[in-house]
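In the numbering used here, the protein residues as written are 8 to 60.
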């Protein structure tokens with residue numbers, strides 16, 4: 008999933024996502040110089056926050 012797609016799923020702007028994904032602990036992959044997010048990892052991350060919230 009691209010940062011644009013992930014930002015839409017999370018309901019934030021791409022800029023907020025790219026400024027915060029490491030601090031938030033969102034799992035990511037580097038594909039060359041590009042950051043990508045696995046769909047299942049992103050949903051698992053959201054689910055973990057919902058359960059703990």
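Ideal placement from N, C-alpha and C gives every residue a C-beta, glycine not left out.
Exercise for the section: Tell me whether residue 23 sits in a helix, a strand or coil according to DSSP, three-state version. Expected result: Locating residue 23 in the chain shown gives position 16, counting from the first residue. If DSSP states are grouped into helix, strand and coil, residue 23 belongs with the helices.
Handout entry: Close Cβ partners of residue 28 (< 7 Å) along its chain, the five nearest in sequence each way excluded
Key = Translated into the one-based positions of the chain shown, residue 28 becomes position 21. Residues of the same chain with a CB within less than 7 Å of the CB of residue 28, apart from the 5 flanking positions on each side, are 35 in chain order.
Problem - Outcome for residue 14 when other beta-carbon atoms lying within 10 angstroms are tallied against a minimum of 16 - result: As a position in the chain shown, residue 14 is number 7, starting the count at 1. Counting Cβ neighbours within 10 Å, residue 14 comes out buried, since at least 16 surround it.
Exercise for the section: Kindly indicate which three-state DSSP category residue 45 falls into: helix, strand or coil? Expected result: If you number the chain shown from 1, residue 45 lands on position 38. Residue 45 falls in the coil class under three-state DSSP.
Practice task
Give a yes or no on whether the minimum CB-CB distance between residue 35 and chain C is below 9 Å.
Solution key: Among the chains in the structure shown there is no chain C, since it carries only a single protein chain.
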